[in-house]
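Novice:
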Amino acid sequence: MRRVKDTAIAAVTAVALCSGAWLLVGGDHPDAPPQPSAAQARTDRAGQADRGAAAPALPPSPPDRIRVPAIGVDAPLTGLGLTGTGSLDVPPAEKKNLAGWYEAGTTPGETGTAIVAGHVDNAEGPAVFYRLGALEKGAAIEVDRRDGGVAVFTVDAVEVYAADAFPDEKVYGAADRPELRVITCGGPYSRSTGYQGNVVVFAHLTGSR
Amino acid sequence: MRRTARLLTGTALAAAAVGLTTAAPVSAGETVATGGLTVYPSSVVPGDRAVVTTAVCGKGGSAAGDASAVGAGAFPLAPGTGEAGATGHFEVPPSAQPGTYEIVATCGDGDRRVTGDLVVTLTSAAGHPAAEQVYPRGSVKTGVGGALGPGPVQTAAGVAALAVAAAGGTWLLHRRARGDGI
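Going down the list, the protein sequences come from chains Y and B. Take the first sequence: its position 149, counted from the start at 1, is 1397 in the working numbering, and no numbers get skipped. Take the second sequence: its position 93, counted from the start at 1, is 626 in the working numbering, and no numbers get skipped.
1) Would you list the one or two residues that DSSP bridges to Asp1392(Y)?
2) Judging by CA-CA distance, which residue of Ala700(B), Lys592(B), Ala597(B) is the nearest neighbour of Gly643(B)?
3) Of the residues Asp1424(Y), Glu1342(Y), Arg1429(Y), which one's Cα is nearest the Cα of Pro669(B)?
4) Can you tell me whether DSSP reads Gly632(B) as helix, strand or coil?
5) What does Thr620(B) reach in chain Y if we use C-beta pairs closer than 7 Å?
6) Quick one: what does DSSP say Val1430(Y) is sitting in, helix, strand or coil?
7) Per DSSP, which one or two residues make a beta bridge with Tyr1443(Y)?
8) Start and end of the beta strand (DSSP E) containing Val1321(Y)?
9) Which residues of chain Y have a Cβ atom closer than 7 Å to the Cβ of Leu610(B), listed in chain order?
10) Just mark Arg1251(Y) as buried or exposed, buried being the case when its beta carbon has 16 or more other beta carbons within 10 Å.
11) For the segment 1351-1369 of chain Y and the segment 647-657 of chain B, state whether three or more C-beta atom pairs, one from each stretch, are separated by less than 8 Å.
12) Check this for me: beta carbons of Asp1404(Y) and Arg1315(Y), under 9 Å apart or not?
13) Compare the C-beta of Ala658(B) with all C-beta atoms of chain Y and state if any pair is closer than 9 Å.
14) Going by DSSP in three states, Ala1303(Y) sits in which element: helix, strand or coil?
15) Could you please give me the residues that DSSP links to Tyr573(B) through a beta bridge?
16) When we look at the beta-carbon of Leu1325(Y) and count the other beta-carbons within 10 Å, is it buried (16 or more) or exposed?
17) Taking 8 Å as the limit between beta carbons, can you name the residues of its chain near Gly1397(Y), skipping five residues before and five after?
18) List the residues of chain Y whose Cβ lies closer than 7 Å to the Cβ of Ser601(B), in chain order.
19) Starting from Glu624(B), trace the alpha helix (DSSP H) in both directions and tell me its first and last residue.
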């Protein structure tokens, strides 16, 4: 009888030890967010090759929502400004399924470069664009607009850029057709400095409805 | 190239700001209004429309605008509704050269004269509206690493589980030390 009790206590001890260690090491999400492979990179003249496929520009209209079916994203959009240093501001981190768009810039669907950004994670765990780095060329991105229309973009490339060598012109620069950038954190992570770069999705308008 | 253009624009805007605070010399008999004329956008490309407002002429006051410095001639400022002040607009001629120009408005009573600066820059890309945009710079802070390690709740659960393991282990060791065997 006593032997049974001892065995039970030993078993509970072993299970508690293992699960405690597992929880502290990282538990059910120990993985870094997915990062794009080299195959998703911009080729030289990226965008030139598929110019013929671009849809005509839409009139300006603020966006309300972004959907990326391939990675399960369906999120409302809030307006973003700039920080004191001129970098793009970000949505409030505590709202994990909220993305933002650069309000002083181009609206998605009109000619130019529209910019959308969202968190890859917050203090609680994965956030709206956690899987952005897993997106592949050819995937669809849909933006609901306030005029009731939907702008449909097709992914041209998915890149990772280091924060200390960020290609502003490539990412934010003007375009002569309707383009979209979707940005989140990415690259190597260190506890002291956080994520050391950004995942950037390049897309252009290919349809609307 | 774009960076240079932005730098130049920035310098010009700074100059414009200085110009606004140091009111232009005015002839005798006119009240000096410090700046007082808002030009929007303050930086344009040739062919753009600029909107001009002033609150100096008072509620319901109209004004006569003069944009001949930039080659746009005279234009009227109509009384605004509410607190908007007098408002007018003019087209910057397509032939305008880059530079900073003084735009002048004289209130309907002829006593007060206000000025504001307009900066004309050359468009970089085929004249599309994006030429006026301010673009963000640098990377975006969109993550804290919360997906990589345990969250606070998970950490607490882990610590609790380890505490249970420690208690169990201690009890078993005590039993063994007393020679009871397992």
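Ideal Cβ positions, reconstructed from N, Cα and C, are used throughout, including at glycine. From a predicted model like this one, the values you see are computed outputs, not experimental measurements.
Specialist: From the atom records:
1) Beta-bridge annotation (DSSP): Asp1392(Y) is paired with Arg1313(Y), Val1398(Y).
2) Ala597(B)
3) Arg1429(Y)
4) strand
5) Residues of chain Y passing the Cβ test: none, with the nearest at roughly 22 Å.
6) strand
7) In the DSSP assignment, the residues bridged to Tyr1443(Y) are Tyr1437(Y).
8) 1321-1328
9) Those within 7 Å of Leu610(B) in chain Y number zero; the least Cβ separation is about 27 Å.
10) Burial is judged here by how many other beta carbons sit within 10 angstroms of a residue's own beta carbon; Arg1251(Y) has fewer than 16 and is exposed.
11) no
12) no
13) Low confidence applies to Ala658(B): its pLDDT is 37, below 50, so where it sits in the model is not reliable enough to give any reading.
14) coil
15) Val584(B)
16) buried
17) Leu1306, Ser1309, Gly1357, Ser1456, Arg1457
18) The premise fails here: Ser601(B) is roughly 32 Å from chain Y at the closest Cβ pair, so nothing lies under 7 Å.
19) Judged by DSSP secondary structure, Glu624(B) falls outside any alpha helix (DSSP H) and instead within the beta strand (DSSP E) spanning 619-624.
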